Amino acid sequence: MLNHIRGTITEKKTGQAVIEAGGLGLSVRLSLPSFFALPEPPAEATVLTRFIIREENWEIFGFLSPAEREAFDILTSVSRVGPRLALTVLSSLDPHNLAQILINQDLASLAAIKGIGAKTAERLLVELKEKAVKLAGMTGTSTAGGGQKTVVIEEAVQALLTLGYSRAEAEKAVRTVAPGPDTDLSEVIKEALKTLSR
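Numbering-wise, our numbering puts 21 at position 15 of the sequence shown, and it's gapless, one number per residue.
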């Protein structure tokens, strides 16, 4: 797997950069924030990457942070969301804001992105509800009030699922505990287990 590229930026054009490494000139697609954050050529740079092979189309996508690459990965895990559409989302939302939108189930903000639309936005919210927790942890989103409460709830539910409870049972038990933004996760799980054992 191509994990990263370290080399010299020789060319930049909107959303794309050519990085020379090991005698090869590699064309890398980037979100607009990452593209504008790269120095102007000639300059040394290191970018994290995902190498996507689809039929005869081989493309390298670049990222300036692990959180951005994680966001790209979870977006492209959704059916009918390709790498270029994922970059479109990341050109409009940084990983922190994306995590917040997914956690808060903010349909309007996602649907407003060009190329997404209401149906795709709904699919993203449904399919990425659980994966958003990991992204939130990488971006610090979980420290924000309402987002933290949602993260605590979801992490507690996940813990109960691993213990063999159904999602319906787990969600009902956790919400009965009514955790707040500052509630300790272990306490939520302990109280939820008491509820389930009654």
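Every residue, glycine too, gets a C-beta built ideally from N, C-alpha and C. Computed from a prediction, not measured in an experiment: that's the story for all the values here.
Secondary structure of residue 33 (DSSP, three-state): strand.
For the 7 Å CB-CB criterion, residue 177 and residue 194 do not form a contact. As DSSP reads the structure, residue 14 sits in a beta bridge with 26, 50.
The C-beta distance from residue 122 to residue 131 rounds to 11 Å, too long to meet the 8 Å contact threshold. With 16 or more neighbouring CB atoms inside 10 Å of its own CB, residue 75 falls in the buried class.
Given a length threshold of 4 residues, each whole run of the alpha helix (DSSP H) inside the stretch 67-147 is given here in chain order: 72-82, 89-98, 101-109, 113-117, 123-133, 137-145. CA-CA distance, residue 128 to residue 66, rounds to 28 Å. Per DSSP, the unbroken alpha helix (DSSP H) holding residue 182 starts and ends at 173-183.
Inter-residue distance for residue 181 and residue 55 is about 39 Å (C-alpha atoms, whole angstroms).
Ranked by Cα distance from residue 137, the options 201, 78, 27 are led by 78. Residue state for residue 201 is assigned as helix, using DSSP reduced to three classes. Using a Cβ distance threshold of 7 Å, residue 47 and residue 26 do not count as a contacting pair. Remark: C-beta atoms of residue 11 and residue 53 approach each other more closely than 7 Å. Separation of the CB atoms of residue 144 and residue 73 is rounded to 4 Å, and the pair is thereby assigned contact status at 8 Å.
If you ignore the 5 residues before and after residue 100, its C-beta comes within less than 7 Å of the C-beta of 39, all in its own chain and listed in chain order. With at least 16 other beta carbons inside 10 angstroms of its own, residue 68 counts as buried.
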